[in-house]
Amino acid sequence: MKDLPASGPRHVAIIMDGNGRWAQALGRPRLYGHQAGAKRVREIVAACPELGVKYLTIFAFSTENWKRTQAEVSGLMTLFRRYITKEARELRDNGIRVRFIGDRIKLDDKLVQLMDELELMTADNDLVHLTVALNYGGRDEVARATKRLARDVKAGKLDPEAVNAETLARYLDTYVLPDPDLVIRTSGEARISNFLLWQSAYAEYEFIDTLWPDFTAEIFAGIIGNYGKRERRFGAVAG
Ligand code: FPP
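If you're matching positions, the sequence shown starts at 325 in our numbering and goes up one per residue.
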């Protein structure tokens, strides 16, 4: 492996957008775009070690995506089940630790079982930490965290006067992850759509026109290279 870029982002989060438009441009159904998008996930995960990206978090399904047609939602759920089944071994053997964030309550039992198994199977890996956001919404995550925190207060385990930002962060789905340094969104939309709202307070953002199924490892490497040229001040004055 090459030397890791010293100033690169350690945690990159990606909003993988544009699968539907990519498929429509080819006159194909939207699910064809999601399948092509799933193939890109593999390529981007594989590129991470050499780029020094230790944590990669991807937005696979939002709490708002249930509003899509029933056919698209069930097609996506089938795709997630197949993807996990097909890729599990390779992820494990390649040192990828997989985690899922989001509310599992609305997901079907079979899918949740596969998610649990994959997390367990890869729990000893440490090369790249891949986090898949599935039925995830930033506001929903903060609301669920607050509910758990309130329960601990009620049970006398937590002093309300001691609650600060760090306390709340410990109740988030992402409690074991560092905050993202860089958030990328594909397909030309400049929105964050409820993704990692709390965690991205100081993240850099990169909005690019490329549709997710066209997002290659080269494009990814270019963005990571550019990040090294940015100066992050976290609210302080330039040094
Ligand atoms: C956004 O494109 C994409 C999604 C809502 C689903 C993302 C899913 C994948 C990339 C599939 C594979 C993921 C994993 C983890 C296996 P869009 O449908 O919003 O596209 P549009 O904006 O052009 O309609």
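Ideal placement from N, C-alpha and C gives every residue a C-beta, glycine not left out.
Answer with buried or exposed for residue i, where buried requires no fewer than 16 other C-beta atoms within 10 angstroms of its C-beta.
i	result
Trp536	buried
Arg567	A query on residue 567 cannot be resolved here, the shown segment of the chain reaching from 325 to 563 and no further.
Ile548	buried
Val452	buried
Ile338	buried
Phe519	buried
Ala486	exposed
Asn343	buried
Leu350	exposed
Trp346	buried
Leu328	A caution first: Leu328 carries a pLDDT of 46, below 50, which makes its placement in the model unreliable, though a value can still be read off. With fewer than 16 other Cβ atoms within 10 Å, it is exposed.
Leu444	exposed
Asp341	buried
Tyr499	exposed
Can we count residue i as close to the ligand FPP, meaning its CB is less than 7 Å from some heavy atom?
i	result
Ala395	no
Met340	yes
Leu307	Outside the displayed range of the chain (325 to 563) lies residue 307, so it cannot be described from this structure.
Asn518	no
Ser398	no
Asn389	yes
Phe544	no
Val365	yes
Gly344	yes
Arg354	yes
Ile532	no
Ala384	yes
Leu380	no
Gly361	yes
Trp536	yes
Val452	no
Phe558	no
Val456	yes
Phe404	yes
Tyr460	no
Tyr551	no
Report, in whole angstroms, the separation of the C-beta atoms of residue i and residue j, which I expect to be a contact under 8 Å.
i	j	result
Val561	Trp522	Not quite, the Cβ-Cβ distance comes to about 25 Å (not below 8 Å), so this is no contact.
Ala514	Phe531	5 Å
Asn459	Thr387	6 Å
Pro504	His358	With a Cβ gap of about 23 Å, Pro504 and His358 do not count as contacting.
Arg392	Leu438	With 8 Å as the limit, Arg392 and Leu438 do not qualify as a contact, their Cβ atoms being about 21 Å apart.
Arg472	Tyr495	5 Å
Arg366	Glu411	7 Å
Arg425	Asp497	Reading off the sequence shown, one finds Ile at residue 425, where the question assumed Arg. At roughly 4 Å, the Cβ-Cβ gap stays under 8 Å, so Ile425 and Asp497 are in contact.
Phe558	Arg364	Going by Cβ atoms, the distance from Phe558 to Arg364 rounds to 31 Å, so no, they are not a contact pair.
Ile368	Ala541	7 Å
Starting from residue i, trace the alpha helix (DSSP H) in both directions and tell me its first and last residue.
i	result
Leu473	462–478
Ala347	343–349
Phe539	Segment: none, Phe539 is in no alpha helix (DSSP H) and carries neither H nor E.
Let's see if you can read the secondary structure: which residues bound the beta strand (DSSP E) around residue i?
i	result
Ala560	No beta strand (DSSP E) contains Ala560, which DSSP labels as neither H nor E.
Ala337	335–339
For the ligand COA, I want to know if residue i counts as a neighbour, meaning its beta carbon is within less than 7 Å of at least one of the ligand's heavy atoms.
i	result
His358	The ligand content of the structure shown is limited to the ligand FPP, which means the ligand COA is not among them.
Looking at the C-beta of residue i, does it have a partner C-beta in chain B at a distance below 8 Å?
i	result
Ala347	This model lacks chain B altogether; it includes just one protein chain.
In chain order, which beta strand (DSSP E) runs of at least 3 residues are fully inside the segment 362–443? Correct list: 379–386, 420–425.
Ordered list of beta strand (DSSP E) runs contained in the segment 482–531, each at least 3 residues: Runs found: 506–509, 528–531.
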